[in-house]
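The structure under discussion appears below in the form of C-alpha cells.
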Amino acid sequence: MVTDLIERKNYRVDGLDPEKILSPQSLEEVSQILGAAKEEGLAVIPWGRGSFMALGNPPRRYDLALSLAQLDQIVEHDAANLTVTVQAGVRLDDLQARLAGANQFLPLDPPQREATIGGILASNASGSWRLGFGTARDLTLGMRMALADGTLIVYGGKVMKNVAGFDLAKLFIGSLGTLGVIGEATLRTFAEPEVRQTLVVSGLSHPEGAAGLAQRFLDLRLEQTALDILSPAEGRYAVLVRLEGATEAVARQVRDLRAVAGGPVEVVGGVAQVDLWRLPLAGESVHARLSLPLVAMGPVLSAVRDLTTAYGISRMLQAHAGSGILHLYIDPGDRI
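Per my numbering, the sequence shown starts with residue 229, numbered consecutively.
Here you go:
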C-alpha cells in the first residue's frame with residue numbers, strides 16, 4: 229500500500245488524487261480489495277498505465293487507486309490454436325514482441341502505444357487495424373473479471389465457438405472499469421501474412437481530395453486491413469492503405485489501387501512501413517477522438533482545417549477513413 233503524496237499524484241484523475249494506492253498480485257487479491265472497499269463504502273479506480281484515464285465522466289470520489297501493474301504475466305500462448313491468455317497489466321508492445329517470436333500478431337494498434345491489455349479492453353481502444361480485424365470485442369474469446377462487490381466471474385474460454393447466452397465480455401469491454409475489473413483475457417491471434425505492404429499516396433494538399441481518394445479506395449472492396457488519412461501539418465495530407473496476405477493477391481490489389489490513385493504511389497514493405505502509420509507526436513498533446521459517418525469525413529476535415537487556420541492552432545490528425553474515426557492532436561501551448 230502506498231500513501232506517499234508524490235506517488236499519489238502519479239495516479240491523479242481529473243484533479244483528484246487517491247488516498248491510497250494498492251497493487252495486488254493476483255485477481256483473487258483484486259477481488260478481496262473490491263469486497264472490502266464495498267463494505268467500507270470506498271470508491272475504487274482501476275489503473276494500468278493511465279493511458280485512457282481521460283475517458284469517461286470525472287469521478288465524484290477517489291479513495292483507492294487499484295494498480296494492476298503486477299498482473300503482468302502472459303499466462304499461455306497456444307500458438308497452434310491461435311490464442312493467447314494474458315493478465316491485464318501486460319503491455320501491448322511486450323505481447324506483440326512475444327507473439328512475433330511465433331510468427332504471430334494481435335491486430336490491435338491503438339494510438340496509445342504504451343497501453344496495457346486491460347486498459348485497451350476497458351476502453352475498447354482500436355487503431356488502423358480495426359478496418360480489417362474489428363475491435364477488442366471481436367478479438368476476445370474469454371475473460372476473468374472481478375465485479376464491483378468482489379465477486380469473481382469467468383466468461384468464455386479459449387476456443388472460437390464456446391459461447392452460449394449473453395455475451396458478458398462485450399458488456400465489460402468498453403465499460404471503462406465501471407462494472408468491475410478485468411483481470412485476465414484470452415485473445416485471438418493471427419499468423420503473420422506472407423507479405424504485408426503499405427501503399428502511400430502523399431503530396432495531397434486538400435482534405436476533401438484526400439477523403440475522396442480514400443472513399444474510392446474503399447469502394448474497390450479489396451481486402452484492405454487499414455485505410456488512413458494522415459496529416460502531420462496543415463496543407464499536407466497522405467492516404468495510406470495496408471494490404472496483407474498472399475504475395476500474388478497483394479500484388480494484384482496494389483495494381484488496382486494504383487489505377488484508382490491516378491498519380492504517384494509509393495509501396496513500402498518490411499519494418500520501414502511501421503512508422504508510416506504513426507504521427508510524429510512530440511510531448512503532450514490535447515487529443516480529441518471523433519466518430520463520424522464515412523460521408524462526413526471530408527467536410528469535417530475541411531472544418532478542422534478552417535478552424536485551426538483561423539485561430540493559428542498547430543495540429544496533427546489521423547483519420548481511420550474506413551471506420552469513421554478521427555484522432556485530432558492539438559499543441560497545448562496554442563490558444564484554443
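No residue lacks a Cβ here, since even glycine has one placed at the ideal position from N, Cα and C. The structure displayed is predicted, hence computed values, not measured ones.
Beta-carbon gap between residue i and residue j smaller than 8 Å
i    : j    : result
K266 : G378 : yes
A547 : D456 : yes
S295 : L250 : yes
T311 : T406 : no
G526 : A466 : no
N352 : I410 : no
L415 : L369 : yes
L404 : G276 : no
Rounded C-alpha distance that separates residue i from residue j
i    : j    : result
L349 : G491 : 40 Å
D559 : V523 : 28 Å
R358 : L292 : 34 Å
D321 : A328 : 11 Å
T475 : T426 : 13 Å
S354 : G362 : 8 Å
V272 : P286 : 13 Å
A531 : G437 : 14 Å
R289 : A316 : 24 Å
S542 : S433 : 16 Å
T537 : E494 : 29 Å
Proximity to residue i [Cα-Cα], best of the options
i    : options                   : result
G360 : N309, G473 and L255       : G473
V488 : G463, V429 and G411       : V429
M371 : R236, G346, T537 and W357 : G346
A549 : E268, S356, E247 and S254 : S356
R341 : W505, M544 and V514       : W505
L396 : T417, M373 and F418       : M373
A307 : N331, G284 and A325       : N331
V318 : Q253, R240 and F400       : Q253
H555 : V514, G540 and L294       : V514
L468 : V502, I401, K398 and H305 : V502
E462 : A325, G431 and R236       : G431
E451 : L458, V482 and Q298       : V482
Counted within 10 angstroms of its Cβ, other Cβ atoms place residue i as buried (16 or more) or exposed
i    : result
I175 : It is not possible to answer for residue 175, since the shown part of the chain is limited to 229 through 564.
L557 : The amino acid at residue 557 is misidentified as Leu; the sequence shows Tyr. Buried.
Y383 : buried
L535 : exposed
Q323 : The question names Gln, but residue 323 in the sequence shown is Leu. L323 comes out buried.
G239 : The question names Gly, yet the displayed sequence has Tyr at residue 239. Buried is the call here.
Secondary structure of residue i, DSSP reduced to three states
i    : result
P246 : coil
M373 : strand
E462 : coil
E257 : helix
L310 : coil
G552 : coil
A343 : coil
I302 : strand
Neighbour flag for residue i against chain B, beta carbons, 8 Å
i    : result
R444 : This model lacks chain B altogether, as it is built from one protein chain only.
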